[in-house]
Amino acid sequence: MLRVLVMVSGGGTNLQAIIDSVKSGDITNAELVGVISNNYGVKSLDRAKNAGIDACVVSPKDFPDRAAFNQGLLDKVNSYKPDLIVLAGFLVVIPEKMIDEYENRIINIHPSLIPSFCGTGYYGLKVHEAALERGVKLTGATVHYVDKGTDTGPIIMQKAVEVRPGDTPEVLQRRVMEEAEWKILPAAINYIANSGC
Ligand code: GRF
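Residues in the sequence shown are numbered consecutively from 3, following our numbering.
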């Protein structure tokens, strides 16, 4: 069984998709061992609790400086002994030490077809605003391994989503989540859990 740790910052709809996929059997050979949020009071924590998954908060506010937070985060991550770490809307820069320790064992979901609309500054609605501004007819989502760059790691899965006339960033964001993110993130976890890599 692959020990999966999910890291979140907000609403956790991707976390929910993972929880639902484990429950339905769309993800096999994987166990959700914990959820770490960097924010208090977010819906992700309720989703974890409702699913009976151990959840905790590691907030920068509880540490004197960034280095202490990074160490606190890594200590908490290590405590779960994860085989795979899933960044599901985790808006914190991953400490380099953690990337070294978990090389090829951290994956991230990004709401565009990398290499379009990715890298520093492309997060949340900004990604979809940029896609609409450029006038692309297809966008989508990407699951990739995390390396020391921003959205530069090896790509695991991608799914394209149509941009429609009249789309707002919010409408497009929702479609990308429904049609791509909530499908390929669980699919990538299932792939890793069953491919022995
Ligand atoms: C998603 O759009 C994801 O691609 C991005 O952050 C958002 C998280 O949404 N990295 P949620 O918290 O899973 O609802």
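We put the CB at the ideal spot given by N, CA and C, even for glycine.
When DSSP states are grouped into helix, strand and coil, Ser197 belongs to the helix group. Beta-carbon to beta-carbon, Gly14 and Lys45 are separated by about 6 Å, close enough to satisfy the 8 Å threshold. In terms of side-chain proximity, the C-beta atom of Thr154 is found no nearer than 6 Å to any non-hydrogen atom of ligand 1.
Per DSSP, Ile55 is not a residue of any alpha helix (DSSP H), being assigned neither H nor E. Out of Arg49, Glu131, Ile109 and Leu93, the CA that lies nearest to the CA of Phe119 is found in Glu131. With 16 or more other Cβ atoms from the protein chains shown falling within 10 Å of its own Cβ, Met179 counts as buried. Apart from the 5 residues on each side of it in sequence, Trp184 sits with its Cβ closer than 6 Å to the Cβ of Ala19 in its chain, given in chain order. When only Cα atoms are considered, Gly168 and Leu174 end up about 10 Å apart. Among the bridge pairs identified by DSSP, Glu164 is matched with Leu140.
Val35 is not a Cβ neighbour of Ala57, given a cutoff of 7 Å.
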